[in-house]
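Trainee: Under numbering that gives the first Met the number 0, the first residue of the sequence shown is numbered 0, with each subsequent residue one higher.
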Amino acid sequence: MRIGYGEDSHRLVAGRPLLVGGVAIEGSPVGSEAHSDGDVLLHALADALLSAFALGDIGRIFPPDDPKHRDIAGQEIVRTVLARVRRVAGRLTVHNVAAVVTLDEPKLGPKREGIERRIGSLLALEPGRVGVTFKTSEGAAPGLIQARVTVLLNTD
Ligand code: C5P
Ligand code: MG
0 MRIGYGEDSH
10 RLVAGRPLLV
20 GGVAIEGSPV
30 GSEAHSDGDV
40 LLHALADALL
50 SAFALGDIGR
60 IFPPDDPKHR
70 DIAGQEIVRT
80 VLARVRRVAG
90 RLTVHNVAAV
100 VTLDEPKLGP
110 KREGIERRIG
120 SLLALEPGRV
130 GVTFKTSEGA
140 APGLIQARVT
150 VLLNTD
């Protein structure tokens with residue numbers, strides 16, 4: 000049995016899309032400032048998967064200063080990381096994912112089901128095995144989106 004944990008944050012700026020767990024948050028006045036797609040939830044998930052096997056973090060696989068990775072999709076990062084973990088660890092069973100996204104605005108509650116489903120499909124998990132909760136920073140970090148992700152898995 001292994002546990003993985005990952006975090007990510009991005010500044011929020013006007014005129015960028017806001018992607019959370021591979022889901023576009025339509026109508027958001029702000030989005031992540033990033034060279035990638037700025038999807039903090041998928042980046043934290045990818046780091047969580049790597050950390051479970053002490054494989055470093057996504058900055059090692061996708062150096063942020065490498066133009067090749069400009070605007071790379073979070074879903075592609077997760078797929079690449081999964082393939083790498085499987086090469087090292089062999090057959091992998093992911094049991095569940097528990098995540099927190101901290102963001103003042105917009106409200107993400109209405110998107111929860113879609114986000115959980117998207118992460119579930121990336122990891123081939125049945126419904127009910129991905130739980131995502133949302134918190135505000137209570138106004139302490141209005142210009143920031145943050146994600147924290149734990150994942151429980153084992154190799155057989
Ligand atoms: O941070 P706080 O406890 O005030 O958040 C109250 C509720 O608002 C959360 O439990 C969550 O359901 C919701 N929320 C949300 N989208 C956010 C932040 C919070 O739906 N961006
Ligand atoms: Mg990131």
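Note that CB positions come from ideal geometry on N, CA and C, so glycine has one too.
Any heavy atom of the ligand GTP closer than 8 Å to the Cβ of L11?
Mentor: Of the ligands one can find in the structure shown, namely the ligand C5P and the ligand MG, none is the ligand GTP.
Trainee: Using 8 Å as the Cβ pair cut-off and three pairs as the minimum, do the segment 66-76 and the segment 134-153 touch?
Mentor: No contact exists between the segment 66-76 and the segment 134-153.
Trainee: Hey, is T79 close to the ligand C5P, as in C-beta under 8 Å from one of its heavy atoms?
Mentor: False, no ligand heavy atom lies under 8 Å from that Cβ.
Trainee: Reducing DSSP to helix, strand and coil, say where I76 ends up.
Mentor: If DSSP states are grouped into helix, strand and coil, I76 belongs with the helices.
Trainee: By DSSP's criteria, A23 is part of a beta bridge. Which residues make up the other side?
Mentor: According to DSSP, which records beta bridges pairwise, A23 is partnered with L18.
Trainee: Count the other CB atoms, across all protein chains shown, that sit within 10 Å of the CB of D46; report buried if there are 16 or more and exposed otherwise.
Mentor: So D46 counts as buried.
Trainee: Just checking E104 against the ligand C5P - is the residue's beta carbon closer than 8 Å to any of the ligand's heavy atoms?
Mentor: Indeed, a heavy atom of the ligand C5P lies less than 8 Å from the Cβ.
Trainee: When DSSP labels each residue in this structure, what does H68 get in the three-state scheme?
Mentor: Here H68 sits in helix by DSSP.
Trainee: Answer yes if the segment 98-114 comes into contact with the segment 129-137, meaning at least three C-beta pairs across the two stretches below 8 Å, and no otherwise.
Mentor: With a cut-off of 8 Å, the segment 98-114 and the segment 129-137 count as touching, because enough Cβ pairs lie within range.
Trainee: Could you please give me the residues that DSSP links to S31 through a beta bridge?
Mentor: Bridge partners of S31: L11.
Trainee: Does the count of Cβ pairs from the segment 111-119 and the segment 88-95 closer than 8 Å reach three?
Mentor: Verdict: no, contact absent.
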